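Undergrad: Dropping a structure here in structure tokens format, bear with me for questions.
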Amino acid sequence: AFTDDGANAATCYGIVESFSGFTDEYKQQIQLIFEKYFPIEIDPAIPVEEKIPVMHEWHGKAHELMLTQNLRKTDLAACVRDCPNLVVRDGAWEVFRLAKDLGMPMVVFSAGLGNVIREVLDQQLPAELQEWSQEHVHIVSNMLLWTDEGKLAGFSEPLIHVFNKNLQEASANLREALKDRDHVILAGDSMGDLSMADGLDAKVVVKFGWLNSNVEGNLDRYRAAFDYITTSDGTMHGLVDFLKQLRKQ
């Protein structure tokens, strides 16, 4: 997603990386790392099997650098609250509201940081959805790990990156929540997101795709892979309309 002035919105990692308590040297180094690896992630000419070790290298360097900054668990609220480029795509909370109305569990699958996603939900999700979210919104992501004193100690394993999102190793709790759910609505903004339902015994998977960058170069691939496509950082209104139609049935 993008901000109103056209800048890239912050990723989960970016939300933490923008923390005012981090040094300027850290922020310069992490930006250089991003500028090196992100173009590789989105380059359609590079085969996925070549990208995977690069994603591990990218995360490894980013994690190592973050561990130098003395981040504390109590800092996460400020990271989210003060991030200047945090953008929630227009229509997102309506998707949550409709999922609640329809009795649908939600899985937020991210190559980012699950702690940050939960903090964003805690701060920005409408109040009437908060209790429902705690039980029915399942976050599958990398997690920040803390010492008993609340200092960043490391990152969960195995690494979840943009090209290995699937439910083959889903937890017992998540499998129970998704039991007997054989119709899936998959929504993502990367070709890597297409595998997110793998591991479920799904009869139908309806795929919504958001094509945010290099639209001309990627459009044919997205058209072949997704059932519905939104380009140029569009809203989630297409998915909202789809869910409203389901509610009428």
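For the sequence shown, position 209 matches number 209 in the UniProt record's numbering, and the numbering has no gaps at all. The beta carbon of each residue, even a glycine, is placed where N, CA and C say it ideally should be. In this text, all values refer to a predicted model and were calculated from it rather than measured experimentally.
I'd like the list of long-range same chain contacts for ASP101, defined as Cβ closer than 7 Å, with 5 residues on each side in sequence excluded.
TA: Same-chain partners within the cutoff: ARG247.
Undergrad: Could you give the distance in angstroms between the alpha-carbon of GLU169 and the alpha-carbon of MET196?
TA: GLU169 and MET196: Cα-Cα distance of roughly 11 Å.
Undergrad: Which residue from LEU32, ARG81, ALA92 puts its Cα closest to that of ALA187?
TA: Out of LEU32, ARG81, ALA92, ALA92 has the C-alpha closest to the C-alpha of ALA187.
Undergrad: When you compare the CB positions of TYR139 and GLY114, do they come within less than 8 Å of one another, or not?
TA: A small fix is needed here, since residue 139 is Ile in this sequence, not Tyr. Yes; because the gap between Cβ atoms is below 8 Å, this pair is in contact.
Undergrad: What residues match up with ASN142 in a beta bridge as DSSP calls it?
TA: According to DSSP, ASN142 bridges with LEU113.
Undergrad: Roughly how many angstroms separate the alpha carbons of HIS237 and SER133, rounded to a whole number?
TA: Near 21 Å, if we compare the C-alpha coordinates of SER133 and HIS237.
Undergrad: Quick check on the DSSP output: the alpha helix (DSSP H) that includes PHE242 runs from which residue to which?
TA: It spans 237-248 - the alpha helix (DSSP H) in which PHE242 sits, taken as one unbroken run.
Undergrad: Here's the rule: buried if 16 or more other CB atoms are within 10 angstroms of the residue's CB, otherwise exposed. What is ILE46?
TA: By the neighbour-count rule (16 or more Cβ atoms within 10 Å), ILE46 is not buried but exposed.
Undergrad: Taking GLY60 as part of the alpha helix (DSSP H), name the residues at either end of that continuous run.
TA: Segment 48-66, the alpha helix (DSSP H) holding GLY60.
Undergrad: Look at the alpha carbon of PHE19 and the alpha carbon of LEU32, and state the distance between them as a whole number of angstroms.
TA: Those two C-alpha atoms are separated by around 17 Å.
Undergrad: Unbroken alpha helix (DSSP H) runs of length 4 or more, entirely within the segment 68-114: which are they?
TA: With a minimum length of 4 residues, the continuous alpha helix (DSSP H) runs that stay inside the segment 68-114 are 76-82, 92-102.
Undergrad: Tell me which residues share the same chain as THR3 and place their Cβ nearer than 7 Å to its Cβ, disregarding the 5 neighbours each side in the sequence.
TA: In this prediction, THR3 scores a pLDDT of 48, lower than 50, which makes its location untrustworthy; the coordinate-derived value is nonetheless stated afterwards. Correct list, in chain order: ALA9, ASN85, VAL87.
Undergrad: Have a look at ARG97 and ASP180 and give me their C-alpha separation to the nearest angstrom.
TA: Their backbone Cα atoms lie some 22 Å apart in a straight line.
Undergrad: Who does LEU200 pair with in a DSSP beta bridge?
TA: According to DSSP, LEU200 bridges with ASP198.
Undergrad: Comparing C-alpha positions only, which one of LEU239, GLN249, GLN245 sits nearest to ARG89?
TA: Minimum Cα distance to ARG89 is reached at LEU239.
Undergrad: Taking Cβ positions, are GLU35 and LYS27 nearer each other than 8 Å?
TA: No, Cβ-Cβ distance for GLU35 and LYS27 is not below 8 Å.
Undergrad: So, is ASN212 buried or exposed, given that buried needs 16 or more other C-beta atoms within 10 angstroms?
TA: Label assigned to ASN212: buried.
Undergrad: Looking at the unbroken alpha helix (DSSP H) that takes in GLY192, where does it start and where does it end?
TA: Run containing GLY192: none; DSSP gives neither H nor E here.
Undergrad: Let me check understanding here. Comparing Cα to Cα, which of ALA99, MET143, ASP122, HIS161 lies closest to ARG81?
TA: Selected option, being the one with the closest Cα: ASP122.
Undergrad: Anyone know if the C-beta pair for ASP198 and ASP182 falls short of 8 Å?
TA: No; because the gap between Cβ atoms is not below 8 Å, this pair is not in contact.
Undergrad: I'd like to confirm the pairing. Which residues does DSSP put opposite TYR228 in its beta bridges?
TA: Partner(s): PHE208.
Undergrad: To which residues of the same chain is THR235 closer than 7 Å at the C-beta, ignoring the five residues directly before and after it?
TA: Here the set comprises ARG89, ASP90, GLY91.
Undergrad: Looking only at its own chain, which residues have a Cβ that is under 7 Å from the Cβ of ALA177, when we skip the five neighbours before and after it?
TA: Taken in chain order, the residues that qualify are PRO105, HIS138.
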